[in-house]
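Position one of the sequence shown corresponds to residue 97 (this note's numbering), numbered consecutively onward.
No residue lacks a Cβ here, since even glycine has one placed at the ideal position from N, Cα and C.
Just so we're clear, the structure is a prediction, and the values are computed from it rather than from any experiment.
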Amino acid sequence: MTFDNLSFQASWREYQERVLAELDTHLDDDHLHIVAAPGSGKTILGLEVMRRVGQPALILAPTITIRNQWIERLTSLFLPEDEERPDWISKDIRKPKFLTVITYQALHAAFSNEDVDEELQDAEDEAEDQPRVTQSKSVDVIALLAEQNVNVLVLDEAHHLRNEWWKALIKLKAGLVKPKTVALTASPPYDVDFKEWQKYEELCGPIDAEISVPELVQRGDLCPHQDYVHFSLPTKDEHQKLWEFKKNTAGFLKKLSENKRFLDALSAHPWVRDTQRHVKDILDDPQFFSSIIIFLNSLGFAPPDYALDILGVRAAEVPGVDPKWLEVLLSGVLYSYVDDFSEFDDTLGAVRRELKRIGAIERRRINLEDTKEIKKILASSTGKLKSIATITRMEAKQLGDDLRMVVLADYIREAELPSGTDELGPLNKIGVAPIFEHLRRESIAGVKLGVLTGSLIILPKDALGIFDQVVRDNHIDNSHIRLSDLAHDKNFVRVHIKGEQKQSIVHLITEVFNAGGITALVGTQALLGEGWDAPSVNTLILASYVGSYMLSNQMRGRAIRIDPSKPNKTANIWHLASVDIERLDEKLKSVFTKETSRREIFDPFDDVQQDVGDDVRMLQRRFLAFEGVSYDAPFTIENGSKRLALAGTKWTGAGVESLNQSMLARAKVRNALSHTWSNGLHGSSPKPEMRENVGSNYAPQGFVFFETIQYLIMTGLITAALAIAQILSGVRGVETLAIWILVGAGVAAVMIAPKAFKIFRLYLRNSSLEKSITQVGWSVLETLQFMEHIKTSTQNLRIQSTQNKMGVVYCRLDGATPAERRLFLEAMGEVLGPTENPRYLLVRSSRLGGISRVDYHPVPNSIGQKKKNAEFFAKRWERYIGPSQLVYTRSPEGRLLLLQARTQSFASAFQKKTDRLSVWE
């Protein structure tokens, strides 16, 4: 049993050749960790690494589809033509062979002495039930693998796991003797905290190679593509539900603001009535204390002076009330601190009942705005069906018979299919069946509709000739296939397949799709969103709203693969979002401030300058996971939603329609995509690549400026004294006074000279925002080097800072490894951003005349875990930025300062913000 007879039958891509040439070096630590986009050939690379190592191996995949894909790639691309599938491949962890290929769920089931019907994983059941699990005979998985001498683990997207599956994987790796681990992923969990990243890196090893989408497009390994968004408004019924909830909530809050008993309850709370005696309790939950002060202040009840002293703000700086603060307040009053309000039980009981009536209580938490029901209404809005039809009509008109469109949804919703021609009722849910039915009713010219899920398969009758030919070509026994007319439309048939051939259905329908028997295929993201390979896809509509941002990246990968039969292929990727034009906080303004204007807050990181609902926010978060080219010149390639050109959009019904028409017009010009990408790929350096930056609208330069002014004034006074002494020296009778003035000025000059020199040096270093951010960067970098988290030599590292026209400064670290860059950027984001809950704070104070200023900077969590590291960081900060006090925030004094720092973060008119941006440059 050996891999000796395996050999890759095609040509390697450039990045694959590079990784394979350096394989021995990468495996020095027994780990190979590759990050590359979907469609880049990670599966083939993993198989070749496994072949070269030449030892028994275990491959773990996230789904049945991907598990089968590994075996299919091995047999079709590594075996000589016409050779049968080897008998040394197993799909059963209880019966391992030289090569065993299983899912993570199967591994967990084996460790738990369970049998799991894995085929249900891809059945996309609309219920939230888990696959059927039964007890099985106990087996020693580690011993079985050891008998086979398994010494290679191949982990495909290892971080996309439930917690219990993750534990099984850790147990497996620990049980084997120093296995070589090959980890392949398109989207590492960059969004996790430092400890989680360490756990992930311990399993997969540090990233050895990271291949970006632009690099693959540049080399012709992925096709030019573009992302578009079609926005929809809620339907009439959905809008009515949203309006009712917001009307009820606003009405409730108006009554609450006028409820004297409720206001008395807050005013009588010990934290308000006797603040000084309850400082310790307040520091345990500063959010609740702040919410009381904010609510009372918004209604004209001035906060006690001592309360303001604790918060570190003036009365004028207390922020206005908003839904989030009201949620904190009501959750505390009704649940967390309900015992403190026992005298007001009757009042609180009435408040609680009213909140339940309007649906604002979820598991003992108050939710006044984005309740689970509100989010669901927007995410699953059937207004998106109209968007899908509009997109399909445009794409079909542009591409004609060349259209190969896929629509991915979360659920099947088979019950939405009519049972007869006389039952064509309204479609009330979003899912595979409703999308198919809506497009069928639209009768879009030239579109051949089909459905592919684990349990529902529909073909147009016109495609049966192609289907029959595909079945024959794949040597499928016809007796396993049954066709039946669709109950409400005889132009379509349902396909039923049984027995062992059930595994082949995805391949069969994909072949029909590639051949043009289907031009618009509707399926589930669970079956087709990850691992499905159909290079002909040139249009993708993402009607999925359940998956994570990493799954969004996987789904996009279905469309951006190259098609060898169409070398000029381009792809349009459509995202859907439902817009909630009227938000609750607008109603709150009229309740608490009598204002009626929309909330518009300038945010240099966001083109959407007003809150238009959770669905749009979710879309923006998803766009952080992938990069693309901008719509307009100068063409740039970056991640995030800024490239969608949403700035200036009027979020009204007419504004949304205008935006959609603009998106459709852009999407029609497919022939310009190659030119757009070509221009964007030029970059701004001789060897452009994706470079990750941390952006900040703030840099700590104000204090250096204050102190510079102080020393300029002092220097001016000394100079004036010297001049006066010079004048007086020539006047008879005052020579002695002149001498004393001269001596005093000289002593003063000597005393301030060292510090003045230091201040002027710091001023030169921090004279611009870019320079100031760079100095912060050096403080962070040298501390991480001291901690040995960054081991690359300083002479190979460079901190780059640039400022854009919006005043945002972006900073990056060049020359470091991917893991080192991630640590640096994460630390920079924490020290420049708003204060959360750090173990240590840097507190800086300055005064100029009657003006005083205090600023707070969190010590990054990765640094603040140990006191010696925090102290080293404080020394670096003093060298590059200026003096500051290091404060341990877990002491009583430190907790008070932390409270003031956090209050400053939300009370200031200027809000510190940071962002991460990857740019091709």
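For residue i versus residue j, is the C-beta distance shorter than 8 Å?
i, j, result
"Leu-937", "Val-955", "yes"
"Ala-923", "Leu-880", "yes"
"Arg-1012", "Leu-893", "no"
"Thr-635", "Met-501", "yes"
"Gly-709", "Leu-617", "no"
"Tyr-324", "Asn-668", "yes"
"Thr-277", "His-255", "no"
"Leu-548", "His-534", "no"
"Pro-399", "Ala-412", "no"
"Gly-653", "Ala-997", "no"
"Thr-443", "Ala-505", "no"
"Asn-793", "Val-876", "no"
"Trp-747", "Gln-706", "yes"
"Arg-917", "Glu-788", "yes"
"Met-52", "Trp-1016", "Not covered by the structure: residue 52. The range shown for the chain is 97 to 1017."
"Ser-394", "Val-424", "no"
"Asp-581", "Val-589", "yes"
"Gly-479", "Thr-331", "yes"
"Lys-191", "Ile-198", "no"
"Ser-337", "Ile-457", "Note that residue 337 corresponds to Lys in the displayed sequence, not to Ser. No."
"Gln-896", "Asp-910", "yes"
Measure from the alpha carbon of residue i to the alpha carbon of each residue in the options, then state which is nearest.
i, options, result
"Pro-631", "Leu-769, Val-237, Val-368 and Arg-657", "Arg-657"
"Ala-655", "Lys-598, Ile-307, Ser-136 and Lys-738", "Ser-136"
"Phe-207", "Lys-269, Ile-167 and Ser-186", "Lys-269"
"Lys-295", "Asn-259, Lys-343 and Thr-199", "Asn-259"
"Ser-1001", "Asn-965, Tyr-976, Val-237 and Glu-932", "Glu-932"
"Ala-475", "Ile-526, Ala-446 and Thr-486", "Ile-526"
"Ile-562", "Ala-611, Glu-113, Asp-124 and Lys-964", "Ala-611"
"Val-131", "Ser-477, Ile-307 and Ala-541", "Ile-307"
"Ala-205", "Glu-180, Leu-195 and Val-235", "Val-235"
Does the Cβ of residue i have 16 or more other Cβ atoms within 10 Å, making it buried, or fewer, making it exposed?
i, result
"Asn-587", "exposed"
"Leu-407", "buried"
"Pro-302", "exposed"
"Gly-619", "buried"
"Asn-463", "buried"
"Val-543", "buried"
"Ile-266", "exposed"
"Pro-988", "exposed"
"Glu-491", "buried"
"Pro-660", "exposed"
"Thr-517", "exposed"
"His-771", "exposed"
"Gln-372", "exposed"
"Ala-541", "exposed"
"Gly-744", "exposed"
"Arg-537", "exposed"
"Glu-512", "buried"
From residue i to residue j, what distance separates their C-alpha atoms?
i, j, result
"Glu-465", "Ser-387", "17 Å"
"Pro-784", "Gly-791", "20 Å"
"Ile-601", "Asp-558", "18 Å"
"His-129", "Gly-873", "27 Å"
"Thr-999", "Arg-991", "12 Å"
"Phe-856", "Phe-969", "Because the pLDDT of Phe-856 is 43, which lies under 50, any placement of that residue in the model is unreliable, and the question is left without a value."
"Ile-470", "Gln-151", "53 Å"
"Asp-221", "Ser-551", "Low per-residue confidence applies at Asp-221: pLDDT is 46, beneath 50, and the placement is therefore not dependable, though the value from the model is reported in the following sentence. Roughly 9 Å separates the two Cα atoms."
"Ser-868", "Ala-795", "6 Å"
"Leu-116", "Gln-314", "21 Å"
"Thr-121", "Ala-741", "44 Å"
"Asp-178", "Leu-624", "28 Å"
"Val-725", "Ser-1014", "12 Å"
"Val-246", "Lys-193", "9 Å"
"Leu-426", "Arg-460", "10 Å"
"Ile-508", "Ile-531", "10 Å"
Under a CB-based cut-off of 8 Å, is residue i close to chain D?
i, result
"Leu-499", "Structure shown: chain D not included; a single protein chain is present."
- Can you check the stretch 230-279 for any beta strand (DSSP E) of at least 3 residues that lies completely inside it and give the ranges in chain order? Segments of the beta strand (DSSP E) lying fully in the stretch 230-279: 248-252.
- Counting only runs that start and end within the stretch 136-223, where is the beta strand (DSSP E) found for 3 or more residues in a row? If one requires a minimum length of 3 residues, the beta strand (DSSP E) runs lying completely within the stretch 136-223 are 153-157, 195-199 and 210-212, in chain order.
- Run through the stretch 748-799 for me and flag every whole beta strand (DSSP E) of 3 or more residues, listed as ranges in chain order. Within the stretch 748-799, the complete beta strand (DSSP E) runs of at least 3 residues are 786-792.
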